[in-house]
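Engineer: Below is a structure I'd like to ask you about.
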Amino acid sequence: MEALEEREEVEEAAEDAISLMISDSLEDLDEETSGTSAESDFDWSSIDTSHLPSSYKTNSQQEKELLQLADHFFQQYTHLCPERKPLFIHPLNECGVQKFVSTTLRPTLLPFPDMYYWSGCASFVCDYLIMEPLKSPIAPPSSLYSPTTILKYQRGNCFDFAVLLCSLLIGAGYDAYCVHGYATLEMCSLDQTQELCPLLRKPPEVPEEEDPNKYRIRYPLEPQSKFELQQKAKKEEETESAHEEEREEEVVTEVGMPKRDPLHGLRVHAWVLLLPGKRKVPETFFINPFTGNDHSTTDECFLGIESIWNHKNYWVNMQDCRKGCKDLSFDLNDPICWEVMFSESNEPSQLSTESPKKDKNDTQEEGETDRSFEMPLSWVTQIRVSLREYENPFSRGKKVILYDKAKLEKWAAYANGDGLVERLTVYADPDRTEELEVKELFKHREDLLYMREVDKQTQLITDHFMPGHPLRLKVHSYTSLEPETGHTVEFYHMGRGDGLWKRFENATEMTEHFVGREDFLHTRHIEFGERDKEMENAGITADANPRPIVQIKEYFHRNPEKPADEDVEERVFMVIDDIIQLTYHLEVHDTIASKVVFCRVIGREKREDEIVLSRENTVKYEPWSPEKHKNMLYLYNLLWVLRAEQKDLKHHVRDAEAEMLNILTVREDEEANIKLSVSIYSTEKRGQQQGATVLEEEQKSPQSSLESQHIRGEAESLAHHTAANSPM
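Put into structure tokens, the structure is as follows:
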């Protein structure tokens, strides 16, 4: 038996050596596929540590006692679990001093609104820091620098990311923990080229709940053997695993990628764990500090956990991780699942229930750990982030993230003159050569444009505006800013008096949609004819040569205060043919609507100041035959009203055309002269903006500035003379 055990140990050592050789050969591949790996020429050993305080260079007496307890715990753990990997418990800091990992956390709440939420903290960390891979992919680092040093140099490995993020989350009030565990190659190397971009993920569809039939007959189930069911399930698992391997081999041979990661399950990674309870967190979840994304604890990318820690304690996972993290229990009070270093030493409930008086004869047994040990304060100085660093988190100017058939680019605010801060490009192929769609996000634009979507197939551009635009613009879709080329404009209708919320216009038609009008109008459609070609060829402008109005249609909602035979649902003004048609709403049991049609008298010239009404040019279909519709005087007055409304509608159409021309002119000017607004609270940027404006004015007209100063001096002297001579 001893010989067999020695042989197994030799084989395991050989396998470990082979794994190390493979890992060395894969590091170059990891850096090439990552796209966000750190610069290779940066040397951490050359950083200046002379300015650091004494807490970084030495250990206090309490810290020394803590390290002794940690060594004692480490020895016991190694003795009881010899097959487990060494714990990441007291690495070296940037000054070469051993520090316990819990004291490296520095809970801090940064004075920015977004940093009060976990998503804001995670986004800042993943954007501000540059990812560096671990020197050995299958072992934790030998050192763990302070969050202040990591922030200063804006780079670090997964443990540095996790410690900084956990410090910010604990400072914001979350129950957060750093995790030392194992993950997939893609997660450890920050390779997201096989993932779907989070911005493109559709929300899950909620299935409609069907009402169960409580009168359904329930038949008794046939008795079955549990042993047979277990054997059947085992066989199904074996066949499924075999099929999955075959599928993987087929896919791999097609794509031309390696079959599997040789270090699968051995790659070390660090991330953050959030437990429910504080800050209304509903359930336990993980945060990947490299991406800032949240993950379920059942995510297959996380392959196991060695230990977790916060600023108060340290826990070792004693559960089986052969199936990843999906079956793990995160009840840290369960001693079977988690081995704690200091048993509830810092719990408020334990401290408050301690009796103030103790028997002097009570002595601590030999070898028993002091349960009243209090974790020392963090040796790290306060984490500080300036407003400039917060607003400009990208050390390289911008950040590029590659996804499956997509590319996401990020810039800091004011980095681009047009206010562009984010651009998402969607491609048709995995090689990212054919663009399908581009979505751009903007900030601080005076024209209040915050998003632009471009369809590369149809060249359709859709601009989205925040509330407050002078023209009440909300959405503008177009292919060109030239008039009559097809424009769809949506308005913030609450700021308009006519209730218009959407308008579409091209060369031949215009459609308007309304909301909340007192006359119940909801749609108006206008058809245009062709312009006079002789006037157009003569070079006459479009204002002097308007498009003729062929037809105007209006649609109304049902007015419950009117009877159906008096409530118009649709009215049509055929301007060229001089025909007016009214269609009324239907009653509940009717199938054909009542109509009234006014036609032009044949053989008579059209005059706006007279109305010719006869039974020949008036057609009525009245299923319920109201008495007043039979009265010619009523129809005569109705026709007078309709003629007046038709005239008003013509003026409205011309005003709508002029409004569309004005919108296009304003938008063209805004795009040609893009201006960015600066917050009144940003004194630094406002000073820079004012200085640039003054310098520009002086460069443009130095003589005019001298004249203005001379005029200003004369005005001041005149005012002083007037004040001196005025009677008291």
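Here the sequence shown is numbered in the working numbering, starting from 705 and rising by one per residue. Ideal Cβ placement from N, Cα and C applies to all residues, glycine included.
Please determine, among 848, 862, 855 and 828, the residue with the shortest C-alpha to C-alpha distance to residue 835.
Structural biologist: 862
Engineer: Let me check understanding here. Comparing Cα to Cα, which of 987, 1264 and 1152 lies closest to residue 879?
Structural biologist: The shortest C-alpha separation from residue 879 is found at 987.
Engineer: Just the Cα atoms here: how many angstroms apart are residue 1374 and residue 1263?
Structural biologist: 42 Å
Engineer: Can you grab the Cα-Cα spacing for the pair residue 1227 / residue 904, in whole Å?
Structural biologist: 33 Å
Engineer: Between residue 1368 and residue 1280, what straight-line distance do the alpha-carbon atoms span, to the nearest angstrom?
Structural biologist: 29 Å
Engineer: Take residue 992 and list the residues in its own chain whose beta-carbon comes closer than 7 Å to its own, dropping the five residues that flank it on each side.
Structural biologist: 891, 975 and 999
Engineer: DSSP three-state label for residue 761, please.
Structural biologist: Residue 761 falls in the helix class under three-state DSSP.
Engineer: Can you tell me which of 1168, 1176, 1354 and 1199 puts its alpha carbon nearest to the alpha carbon of residue 1258?
Structural biologist: 1354
Engineer: What residue ranges within the segment 1065-1127 form continuous beta strand (DSSP E) runs of no fewer than 3 residues, ordered along the chain?
Structural biologist: 1102-1107 and 1110-1115
Engineer: Touch check for the segment 835-846 and the segment 938-948: three-plus C-beta pairs under 8 Å?
Structural biologist: no
Engineer: Cα-Cα, which of 1017, 1014 and 1007 is closest to residue 1023?
Structural biologist: Of the candidates 1017, 1014 and 1007, the one whose C-alpha sits nearest the C-alpha of residue 1023 is 1007.
Engineer: Beta-carbon separation of residue 1083 and residue 812 under 9 Å?
Structural biologist: no
Engineer: Comparing alpha-carbon positions, which option in 1191, 1268 and 853 lies nearest residue 1182?
Structural biologist: 1191
Engineer: Buried or exposed: which applies to residue 1111, given that a residue is buried once 16 or more other Cβ atoms fall within 10 Å of its Cβ?
Structural biologist: Its Cβ being crowded by 16 or more others within 10 Å, residue 1111 is buried.
Engineer: At the level of alpha carbons, what is the spacing between residue 660 and residue 972?
Structural biologist: No information on residue 660 is available, as it lies outside the stretch 705 to 1432 that the chain covers here.
Engineer: Am I right that residue 855 and residue 797 are in contact with their C-beta atoms under 8 Å? What's the rounded C-beta distance?
Structural biologist: About 15 Å separates the two Cβ atoms, so there is no contact after all.
Engineer: Could you check what DSSP says for residue 1011 in three-state terms: helix, strand or coil?
Structural biologist: If DSSP states are grouped into helix, strand and coil, residue 1011 belongs with the strands.
Engineer: Nearest to residue 1211 by alpha carbon, out of 864, 1336, 1189 and 1203?
Structural biologist: 1189
Engineer: Given this structure, state the Cα-to-Cα distance separating residue 1017 from residue 755, to the nearest angstrom.
Structural biologist: Those two C-alpha atoms are separated by around 30 Å.
Engineer: So, with DSSP's three-state summary, where would you put residue 809?
Structural biologist: coil
Engineer: Assuming residue 983 is part of the beta strand (DSSP E), what are its boundary residues?
Structural biologist: No beta strand (DSSP E) contains residue 983, which DSSP labels as neither H nor E.
Engineer: What residues match up with residue 752 in a beta bridge as DSSP calls it?
Structural biologist: Paired residues: none, contrary to the question.
Engineer: If you run the structure through DSSP and keep just helix, strand and coil, what is residue 885?
Structural biologist: strand
Engineer: Applying the criterion that 16 or more other CB atoms from any shown protein chain within 10 Å of the CB defines a buried residue, is residue 851 buried or exposed?
Structural biologist: buried
Engineer: Whole angstroms is fine: what's the gap from residue 1363's alpha carbon to residue 1234's?
Structural biologist: 20 Å
Engineer: Exposed or buried, residue 1021, counting other C-beta atoms within 10 Å across all chains shown (16 or more means buried)?
Structural biologist: buried
Engineer: Is residue 1259 helix, strand or coil by DSSP?
Structural biologist: DSSP, read as helix, strand or coil, puts residue 1259 in strand.
Engineer: Starting from the C-beta of residue 1157, find all residues in its chain whose C-beta is less than 6 Å away, skip the five residues before and the five after it, and write them out in chain order.
Structural biologist: 1143 and 1166
Engineer: To the nearest angstrom, how far is it from the Cα of residue 720 to the Cα of residue 883?
Structural biologist: Summary for residue 720: the model assigns pLDDT 49, below 50, so the residue's position carries little reliability, and this model does not support an answer.
Engineer: Based on Cα-Cα distance, which residue from 1338, 776 and 1380 lies nearest to residue 1046?
Structural biologist: 776
Engineer: Cutting at 8 Å between CB atoms, please list the residues of its own chain near residue 799, excluding the five before and the five after it.
Structural biologist: 753, 756, 760 and 761
Engineer: To the nearest angstrom, report how far apart residue 793 and residue 749 are at their CA atoms.
Structural biologist: 22 Å
Engineer: Tell whether a beta-carbon distance below 9 Å holds between residue 1087 and residue 871.
Structural biologist: yes
Engineer: Can you tell me whether residue 819 is buried or exposed, with buried defined as 16 or more other CB within 10 angstroms of its CB?
Structural biologist: buried
Engineer: Can you give me the C-alpha to C-alpha distance between residue 1081 and residue 997, rounded to a whole angstrom?
Structural biologist: 30 Å
Engineer: Check for me: the alpha helix (DSSP H) holding residue 1021 runs from which residue to which?
Structural biologist: Per DSSP, residue 1021 belongs to no alpha helix (DSSP H); it is in the beta strand (DSSP E), 1018-1021.
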